[in-house]
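Just below is one structure, and these are the notes that go with it.
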Amino acid sequence: MGKREDRKEGDQSSKSSLSENIAFFRKVSERIMAKMPLDELLNEIITYSKKLIGAEASSLLLYDAETDRLNFIIAQGSKGVMLTDTYVKPGTGIAGWVAQKKETLKIDDCYEDDRFDPSYDKKTGFHTRNMICTPMIRKGELVGVIQVINKKDDEDFDSTDVEMIEALAAQCGIAIENVRLSEIEVKSEIINRELETARKIQQFILPSSLPEINNLDLKFSLEPAKELGGDYYNVFKTDSGKYLIVIADASGKSVSASLIVSAVDSFLRTTLLLDHIDLDLVAMVTRLNRFMIKSTTSDKFATAWIGLYDDETSELECVSAGHDPTYHLNPKNGEIGELTQGGLPLGMMDVPYTSERVTLQPGDTIVVYTDGITEAMNKSEEEYTTERFTELISKSRSKPAGELLDTVLKDVHKHRNGHEQSDDITIGIARRR
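Going by numbering that gives the first Met the number 0, the sequence shown runs without a break in its numbering and finishes at 432.
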């Protein structure tokens, strides 16, 4: 009779213990699934996994797909700190085996298991007796590994412990990835805000309107491919009454290209403030090139075409710094001349520059552009080409500057036929009235 009563009491005690474990597991799950920074979440996992199973110690290794390794996480105050110099490769040691196989291991005597690495015990003085090691999986992908070490009171881990830690690991895998995705979204939002600010600054650099020139019909258009572009144009009226016309194309994309554009614009504005009356175009381009060499890295440069137009004499002096040919259209026969005199792109090498001069006659048209025009591609990756461009502007040479500009852009868009724009598209048309 006494044995039956003892068995009944034992069964009730076991049920009570299981019930308490389940209740505690629910609390742990709720805590882990709560929103918190990643370092705090990792610390919570380390702390609660030990308490849940009744283990002396626990550890967590977070998988880094880029380096293909498991980085140890240690508890530090309220945060979990990643030790990137203490790691395990998948397939190495117990944690590495679990990560590679994505299977749980329950080991009753770690020193009898060939996969166990005792070096951590030697470093810390801790003796690892037994262990449960289980993977954290999210949608079939490895997130990390949890280890609970040494069941208290010198006991062995049992099947219930395995089930509990596996259930916890499943919750942890979801929680960690959710936090990671949230942090990525936050970082992405910050980057997007910064890019938007940079875009507004760049828009401020570009002219909102062009100066009115008595004898020159002048139009420009810039269509950026990304939030930040590497193309640039501007028209400045100098103190001497002449007009400085600039188009440039910076190497690279996005932020790096926009910084080069900003440097070019800053130099030009400063120069125009200092050189009040007589602007020596060749000397200015030479100084701009030296400025770019000193203020950018060797792989960053910009091509540019810079013209100085005298509205009283209709004379145009210009320098090409490695830029695409600037075209001079004859209004009578459609012949196309090229203005290419100058030198290397800005920022590459300290070299001398030369200029050329042309006096514009009524009807003469100057066409400046960046290679986003001629290299615009359709879905078959066929370029618009220089040939198509020059043929079109020759046929349309009698049109006013604005109409000619629109004609070119419509034809480029027709060629692309909805294909993604890969580069900035900038074009400027100047027609002598």
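For every residue, glycine included, the Cβ atom is placed at its ideal position computed from N, Cα and C.
Residue nearest to residue i in terms of C-alpha spacing, selected from the options
| i | options | result |
| --- | --- | --- |
| residue 138 | 120, 101, 132 and 109 | 101 |
| residue 481 | 310, 249, 358 and 263 | The structure shown has nothing for residue 481, since the chain only spans 0 to 432. |
| residue 52 | 142, 162, 62 and 65 | 162 |
| residue 395 | 418, 348, 335 and 419 | 335 |
| residue 430 | 107, 422, 47 and 365 | 365 |
| residue 434 | 125, 361, 105 and 59 | Residue 434 lies beyond the range of the chain shown here (0 to 432); nothing can be said about it. |
| residue 320 | 373, 306, 294 and 374 | 306 |
| residue 353 | 340, 414 and 327 | 340 |
| residue 389 | 103, 156, 401 and 337 | 337 |
| residue 175 | 44, 350 and 382 | 44 |
| residue 287 | 181, 342, 333 and 251 | 342 |
| residue 324 | 296, 404, 373 and 295 | 373 |
| residue 230 | 258, 179, 402 and 98 | 258 |
| residue 219 | 85, 421 and 403 | 403 |
| residue 284 | 421, 294, 86 and 266 | 266 |
| residue 214 | 414, 407 and 399 | 399 |
| residue 89 | 391, 106, 64 and 217 | 64 |
Opening and closing residue of the beta strand (DSSP E) in which residue i lies
| i | result |
| --- | --- |
| residue 93 | Counting along the chain, residue 93 falls outside any beta strand (DSSP E), though it belongs to the alpha helix (DSSP H) covering 92 to 100. |
| residue 65 | Counting along the chain, residue 65 falls outside any beta strand (DSSP E), and DSSP gives it neither H nor E. |
| residue 230 | 230 to 236 |
| residue 150 | 140 to 150 |
| residue 103 | Where residue 103 is concerned, there is no enclosing beta strand (DSSP E), given that its DSSP letter is neither H nor E. |
| residue 316 | 314 to 320 |
| residue 134 | 130 to 137 |
| residue 355 | 355 to 358 |
Residue i vs residue j beta-carbon contact at 7 Å
| i | j | result |
| --- | --- | --- |
| residue 149 | residue 55 | yes |
| residue 310 | residue 244 | no |
| residue 282 | residue 247 | no |
| residue 377 | residue 418 | yes |
| residue 133 | residue 111 | no |
| residue 173 | residue 156 | no |
| residue 304 | residue 263 | no |
| residue 60 | residue 69 | yes |
| residue 236 | residue 210 | yes |
| residue 113 | residue 92 | no |
| residue 224 | residue 420 | yes |
Which residues DSSP lists as bridging residue i, in chain order
| i | result |
| --- | --- |
| residue 110 | In DSSP, residue 110 forms no bridge with anything. |
| residue 327 | 336 and 365 |
| residue 430 | 216 and 364 |
| residue 401 | The partner list for residue 401 (beta bridge, DSSP) is empty, contrary to what the question assumes. |
| residue 57 | 147 |
| residue 247 | 231 and 303 |
| residue 270 | Answer by DSSP bridge pairing: none, since residue 270 is not bridged. |
| residue 422 | Bridge partners of residue 422: none, in fact. |
| residue 124 | For residue 124, which the question treats as bridged, DSSP gives no partner whatsoever. |
| residue 382 | 376 |
| residue 222 | 424 |
| residue 346 | According to DSSP, residue 346 bridges with nothing at all. |
| residue 87 | 69 |
Residue span of the alpha helix (DSSP H) that contains residue i, given as start and end
| i | result |
| --- | --- |
| residue 391 | 385 to 394 |
| residue 350 | Careful: residue 350 lies outside any alpha helix (DSSP H) and carries neither H nor E. |
| residue 291 | 280 to 294 |
| residue 39 | 37 to 52 |
| residue 371 | 370 to 373 |
Spatial distance of residue i from residue j (CA atoms)
| i | j | result |
| --- | --- | --- |
| residue 298 | residue 347 | 8 Å |
| residue 387 | residue 370 | 13 Å |
| residue 49 | residue 135 | 16 Å |
| residue 75 | residue 121 | Annotation note: pLDDT 45 at residue 75 (below 50); position unreliable, coordinate value reported separately. So the alpha carbons of these two residues sit roughly 22 Å apart. |
| residue 256 | residue 426 | 18 Å |
| residue 204 | residue 279 | 23 Å |
| residue 103 | residue 186 | 34 Å |
| residue 412 | residue 222 | 11 Å |
| residue 314 | residue 188 | 50 Å |
| residue 143 | residue 151 | 25 Å |
| residue 35 | residue 206 | 46 Å |
| residue 270 | residue 294 | 16 Å |
| residue 141 | residue 98 | 7 Å |
| residue 233 | residue 385 | 24 Å |
| residue 12 | residue 159 | Since pLDDT at residue 12 reaches only 43, below the 50 mark, its modelled position is unreliable, and the value read off the structure follows with that caveat. Going from the Cα of residue 12 to the Cα of residue 159 covers about 15 Å. |
| residue 38 | residue 179 | 11 Å |
| residue 273 | residue 238 | 10 Å |
| residue 312 | residue 380 | 45 Å |
| residue 432 | residue 422 | 32 Å |
| residue 424 | residue 252 | 13 Å |
| residue 359 | residue 331 | 13 Å |
| residue 316 | residue 408 | 27 Å |
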